[in-house]
Structures are given as C-alpha cells and as structure tokens.
Amino acid sequence: MDDYLPGYRDFVRSVLEKHGARIGCRIRLWLANNMVFEGILMPHHEFSSSDIIVVKLDNGYNIGISINRVSKIDVVECIERGGARAQEVIQKQKPVVKILGCGGTIASRVEYETGAVKPAMSPAELMEIIPELKDFAGYDVEVLFNILSEDMTPAHWKAIAESVYKSIANGVDGIVVTHGTDTMGYTAAALAFSLQNLPMPIALVGAQRSSDRPSTDAALNLLAAVVTTLKAPFGEVVVVMHSTPSDTEAFAHRGVKVRKMHSSRRDAFQSINDFPLAKIDLMKMEIKTINNRFIPRSKGFEEIKFSASFDDKVALVKAYPGFQSEIIDFLVDKKFHGIVIEGTGLGHIGSYTIESIRRAVEEGIAVVMTTQTLFGRVNMNVYTTGRRLLEAGVIPGEDMLPETAYVKLSWVLAQTRDLKEVKKMMLTNYVNEINPVHTHNLYPIWIH
Numbered sequence: 001m002d003d004y005l006p007g008y009r010d011f012v013r014s015v016l017e018k019h020g021a022r023i024g025c026r027i028r029l030w031l032a033n034n035m036v037f038e039g040i041l042m043p044h045h046e047f048s049s050s051d052i053i054v055v056k057l058d059n060g061y062n063i064g065i066s067i068n069r070v071s072k073i074d075v076v077e078c079i080e081r082g083g084a085r086a087q088e089v090i091q092k093q094k095p096v097v098k099i100l101g102c103g104g105t106i107a108s109r110v111e112y113e114t115g116a117v118k119p120a121m122s123p124a125e126l127m128e129i130i131p132e133l134k135d136f137a138g139y140d141v142e143v144l145f146n147i148l149s150e151d152m153t154p155a156h157w158k159a160i161a162e163s164v165y166k167s168i169a170n171g172v173d174g175i176v177v178t179h180g181t182d183t184m185g186y187t188a189a190a191l192a193f194s195l196q197n198l199p200m201p202i203a204l205v206g207a208q209r210s211s212d213r214p215s216t217d218a219a220l221n222l223l224a225a226v227v228t229t230l231k232a233p234f235g236e237v238v239v240v241m242h243s244t245p246s247d248t249e250a251f252a253h254r255g256v257k258v259r260k261m262h263s264s265r266r267d268a269f270q271s272i273n274d275f276p277l278a279k280i281d282l283m284k285m286e287i288k289t290i291n292n293r294f295i296p297r298s299k300g301f302e303e304i305k306f307s308a309s310f311d312d313k314v315a316l317v318k319a320y321p322g323f324q325s326e327i328i329d330f331l332v333d334k335k336f337h338g339i340v341i342e343g344t345g346l347g348h349i350g351s352y353t354i355e356s357i358r359r360a361v362e363e364g365i366a367v368v369m370t371t372q373t374l375f376g377r378v379n380m381n382v383y384t385t386g387r388r389l390l391e392a393g394v395i396p397g398e399d400m401l402p403e404t405a406y407v408k409l410s411w412v413l414a415q416t417r418d419l420k421e422v423k424k425m426m427l428t429n430y431v432n433e434i435n436p437v438h439t440h441n442l443y444p445i446w447i448h
C-alpha cells in the first residue's frame, strides 16, 4: 500500500491526514505571528524532529516548520503522483520537452529509516515539486531506468541514445536526460558520439543534493536544462549544472569536455580545455552563449548521424609510480580490444611497460594515451619514453579527457577493429572533443 505521507508520524501525520494533504500537494501554512508560507509538501526526514512539516517554497528551497507554530493549514491543490496530471498534459501552444529518467541523486530521495539516499523518484514525481516547469513547456516523461550512476554501463549508453533518437523522430522540441552526476560525463560523451548533427541540444542534468534536502540543486538545474534544450542555438550534447555554489547561474558544458571536479559542491562540474557553451541566469531563466565554437543545430531529424554501439572490452588504466606491466599483459590475455592509458605529464608511462604495450598492439589491441593532468594535451615527441611509445603503436589522445577517450575508443571499436582505421578515427575531431587551439585562459584558477 502506498504511503502518501512518508516519514510523517504521530500528531503531525494526523493533522495532515485530517486536511487531506499528501506529498506533492501545494499547502499554505498560517503561523501564529501572521506569517504565511506556501509551497509543496515534501517527505519528512527520519532524523528531523517529529513535529516538523517540510515544505518546498516557490524559490526552490525547502523549509521545516514546527506544527506548534502553525495556526491554520490550507490545502491549495493536490495532484495524483505519477498520474496524467503529474506527467503534464501536452498543450499544442507550448513546446514539448521529453524528459528521460536514468536515476541518480536528482531522482533520489532520502531513505527515511536510514538517512541514506536511494533512487526512488520518477521524473514525473520530480515535476510535481517543481511547478515552475509548467511555465516553459509541456512534458512527456519516460523512466528508462532508475539507477545510481556508478551502475551505468555501455549497454545503458546505447539504450539512452536509442531513446533520444526515437524522441527526436517523434517531433519533440527538447530533450532532457536526468542522470547521476558521478558518471554523467561518460554518458554525455557517449551520446555526443552516438548522435551527431542534432537539431536541438540534448541536456543532461543531475543534482549534488537529493530533491528532498533543504539545499537541493535539483529544481534549478532541471529548469536550466529545460531552458537550454529549448533556447540554445547549438546542436550538441551538454551537461547543465550550477556554475557557482549559490543559486545565481548555471553552465551548459560541452558533453565531451566536462568533468566532475568536486565530490559534493553544487558547482562540481567544469569544462576542461574548453569554455562552457552557455550561461543560464537562474533568476531570470535566460540563456547566453559564451563560447562561439559550437556545432549549430541541424535542420531536422533527417540530418542526424546515428551510431549507438559500444565495445565493452575497453579498459581505462592510470599510470603511477610502480605501475605493473602485468596489468597490460592481463588485459591482452583477457582479449580486450582497447586500452586507454591515463598517463603522466605529456603522455608517459614507465618505460619498463613498453614491451607489454608493444605486445598489445601486435595482438590487435588499440592503445590510446591521454594525460592525467587533465588540462593541456599530450605531446609524445618531446621525451624518449613518449617517442618509444609512439614507435610501439600508441595513439596520442590529443587534449581529450581520459574518460572521453575511453568512451570514444569504445564507440570506434564497435565500428572497426582495423588499427589503422581506429587511429584515423581517434584523431578525427567529430564533436569538438579535440580543441586544436589552447589559450592561457583555458586553465582557470577557481576561487569561491
């Protein structure tokens, strides 16, 4: 049986039940000092005081109010959870945005017995607590899977890409993918390679704080993603997240040039070796392009280049002092098809591993070198080790992020195993994953 008031108990629960309130209802709380608060009733955290009612205000913030301060409760509006009303009736006069749910913190809520975050909320439920979404579009919501991002695999990338392709074919005006932040960069890169010549931006969005926490960034990030997919001039896959710790603006980062750079900050994502494509004003919900090196929208569905297969026999390994060459040998013996090395500096790994790497190439395994410095590009012609690696058949990864090179190699190997063709494709700049020109201001010093 569904619990429409999860976490609430005793006197507070009885009062809410008496008024017919449940999670997702818009309620108005009148306080004894004549103050009035109105917003969406949210679940109650197990570790909060039992007398607290949690309400999401229209500005996106959650507040907790003691029932002892409340003199009157009005239930303004209730909608059925997950029902047709929550999914939003698509209106002809409004654009239609497809929301594809893939789980993560943005679609999670607190597990009230333990305080842990678990994937539980569908995009439709998320829309219930962000009423501002109705101002921009009608919505078609589909849950592809509800998993935490560490459980993503290349098979999931393929499923998301196919759903995006199908949605564009069905004539939607924008597409937003809700996703966990930890591996969102990988999925963004996978979609970017799979879907080229897009007629609209595909916006991936996540949250650092679950939607029922007071400090959640879910609402504003999702709103910014909707604005981006509807209004941005580019036809690229982007990651849309807070650009500062405060609720002032978000960035739309190019999906093949973005990395999560902090484990918990709301502005965790940064563009690497590139500038964000656009800035979204979170107060006015307006978008401004700030990087003119972008791929413009194509004319329509017919121009899309769609190729969504990935080889799951690709490994990403990190070079470190004392790296064992047996790791390379193991991957060769296990019949892997590709290896991306996150090398040191300009693209190096211990010289004692070169013979193992040479063996890998001779066995038909593509080996790509990137740099763990992240900023900058590999240049394997400077030092002896780099030159020897090139001679052994290692492919330089230019300025691609290690994870982008990993995804790209997986995508390439699903199309060809011929090493000459693999090298040609890895060095081809398909979706601006390679930036040929670096300027000093691409290396930011972030101070917040």
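According to the UniProt record's numbering, the residues represented by the sequence shown are 1 to 448, in order.
All C-beta atoms, glycine included, are put in the ideal place defined by N, C-alpha and C.
In the three-state DSSP reduction, M241 falls in the strand class (E or B). The closest CA to that of I349, considering only V378, V332 and I365, is found on V378.
Secondary structure remark: continuous beta strand (DSSP E) runs of at least 3 residues inside the segment 177-240, in chain order: 202-205.
Contact between G255 and V227 is absent: CB atoms are separated by about 17 Å, not below the 8 Å threshold. Residue range E249 to R254 is occupied by the beta strand (DSSP E) that includes H253, with no alpha helix (DSSP H) assigned at that position. Where Y383 is concerned, there is no enclosing alpha helix (DSSP H), because DSSP gives it neither an H nor an E. Between the segment 235-252 and the segment 433-443, the count of Cβ pairs shorter than 8 Å is below three; the stretches do not touch. Looking at the DSSP output, T153 bridges to nothing. For T404, the number of other beta carbons within 10 angstroms of its own is at least 16, and it is reported as buried. For K72 and L133, the gap between their C-alpha atoms comes out near 28 Å.
In the displayed model, V394 falls within coil according to three-state DSSP, outside both helix and strand.
L442 sits in a helix when the DSSP states are folded into three classes.
The beta-bridge partner set that DSSP reports for M369 consists of I341 and P396. DSSP places I147 in the uninterrupted beta strand (DSSP E) bounded by G138 to I147. The alpha-carbon separation between Q270 and V258 amounts to approximately 6 Å. Just measuring C-alpha positions, the residue of S66, L222 and L390 sitting nearest V368 is L390. Within the model, the alpha-carbon separation for N435 versus R293 is close to 10 Å. The three-state secondary structure of F330, taken from DSSP, is helix. Beta-bridge analysis with DSSP links P296 to F234. When DSSP states are grouped into helix, strand and coil, N59 belongs to the coil group. About 12 Å separates the CB atoms of L5 and I27; that is not less than 8 Å, and the two are not in contact. At a Cβ-Cβ threshold of 8 Å, V164 and V205 do not count as neighbours. One Cα belongs to D51, the other to C78, and the distance between them is close to 22 Å.
Pairwise C-beta distances place the segment 397-412 out of contact with the segment 348-363, as fewer than three of them are shorter than 8 Å. Under DSSP, I168 forms no beta bridge with any residue. Counting along the chain, K72 sits inside the beta strand (DSSP E) bounded by residues V70 to E77. If you draw a straight line from the Cα of D10 to the Cα of S66, it comes to about 13 Å. With fewer than 16 other Cβ atoms from the protein chains shown falling within 10 Å of its own Cβ, T428 counts as exposed. In terms of CA proximity to A169, F306 leads the group F306, D274 and I290.
Around the C-beta of E398, 16 or more other C-beta atoms lie within 10 Å, and the residue is accordingly described as buried. Judged by pairs of C-beta atoms under 8 Å, the segment 275-290 does not touch the segment 313-321, as fewer than three such pairs exist. Under the DSSP assignment, T416 falls outside any alpha helix (DSSP H); it carries neither an H nor an E label. When rounded, the separation of the alpha-carbon atoms in K299 and F251 is 25 Å. By the C-beta density criterion, R387 is exposed, having fewer than 16 other C-beta atoms within 10 angstroms. With a contact defined as Cβ atoms closer than 8 Å, S149 and A308 miss out at about 19 Å. Here the C-alpha atom of T181 lies approximately 9 Å from the C-alpha atom of S263.
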